[in-house]
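*Asks:* Input: one structure, supplied below.
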Amino acid sequence: MSLPQLATEPHDRRGFLVRLIQATHAIIGATLAFVVGGAVVAPSFSRRDALWLHAGDLPSLEDDTPLPITLRIARPDGASEVVDRRVVYLVKSGGAVRAFDSTCTHLGCRTKFNPETMQIECPCHGGIYDVQGRVIAGPPPAPLASLPARIEDDKVLVQV
């Protein structure tokens, strides 16, 4: 009884070159797909430049009284435009102005300023903030998010 012989191909130069060319083409194709795909998808993941929006006029702000302002943020997105609305509080203290987001840091509910108590209140779970956005009571884990603000020619600009 004889053992079956294994089929052995001689390693020839032509077969090696064919496999080398195929591997090279595969690497080039994968590289092109990665580059072209990245160029198509990358703009949707890129960080957008921060915008400075006119939020109000300095003379219209009362000292230490939060004024809720709705900012309209329009950003181009391909052929269309995405419009976000964001409510921020402006608070003037002396000659300086602070801006902070009206979103509660507990679960993201929108807060409301109560002029009778001079506090910012979250209607969802009873969180209470002072007029500077600091937590007074309730479940919020952090103060309201502060936003960069500046004054130019008696106009208050907020960075979003």
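Residue numbers (my numbering): 7 to 166. All C-beta atoms in this analysis are idealised placements derived from N, C-alpha and C, irrespective of residue type, glycine included.
1) How many Å lie between Asp18 and Leu26 at the Cα?
2) Am I right that Pro74 and Asp160 are in contact with their C-beta atoms under 8 Å? What's the rounded C-beta distance?
3) Within 8 Å, do at least three Cβ pairs link the stretch 137-151 to the stretch 99-118?
4) For a test of the three-state rule: what should DSSP assign to Leu96, helix, strand or coil?
5) Inspect the beta-carbon positions of Leu189 and Val94 and report whether they are closer than 8 Å.
6) Give me the Cα-Cα distance between Arg78 and Leu163, rounded to the nearest whole angstrom.
7) Enumerate in chain order the residues of its own chain whose CB-to-CB distance from Val89 is below 6 Å, with the five nearest sequence positions on each side excluded.
8) So, helix, strand or coil for Pro65, using DSSP?
9) What span of residues does the beta strand (DSSP E) with Glu158 cover, start to end?
*Replies:* According to the structure shown:
1) In the sequence shown, counting from the first residue as 1, residue 18 sits at position 12. In the sequence shown, counting from the first residue as 1, residue 26 sits at position 20. If I take the Cα positions, the gap works out to 13 Å.
2) Reading the sequence shown from its first residue, position 68 is the one you call residue 74. Reading the sequence shown from its first residue, position 154 is the one you call residue 160. Not confirmed; about 20 Å, so no contact.
3) yes
4) Position 90 of the sequence shown holds residue 96. Leu96 falls in the strand class under three-state DSSP.
5) This structure leaves residue 189 out entirely; the chain is present only between 7 and 166.
6) Within the sequence shown, the letter at position 72 stands for residue 78. Within the sequence shown, the letter at position 157 stands for residue 163. C-alpha separation (whole angstroms): 13 Å.
7) Translated into the one-based positions of the sequence shown, residue 89 becomes position 83. For Val89, where only same-chain residues beyond five positions count, the Cβ hits under 6 Å are Ala80.
8) As a first step, residue 65 must be located in the sequence shown, where it is residue number 59. Note: Pro65 maps to helix in three-state DSSP.
9) By one-based count along the sequence shown, residue 158 stands at place 152. Segment 155-158, the beta strand (DSSP E) holding Glu158.
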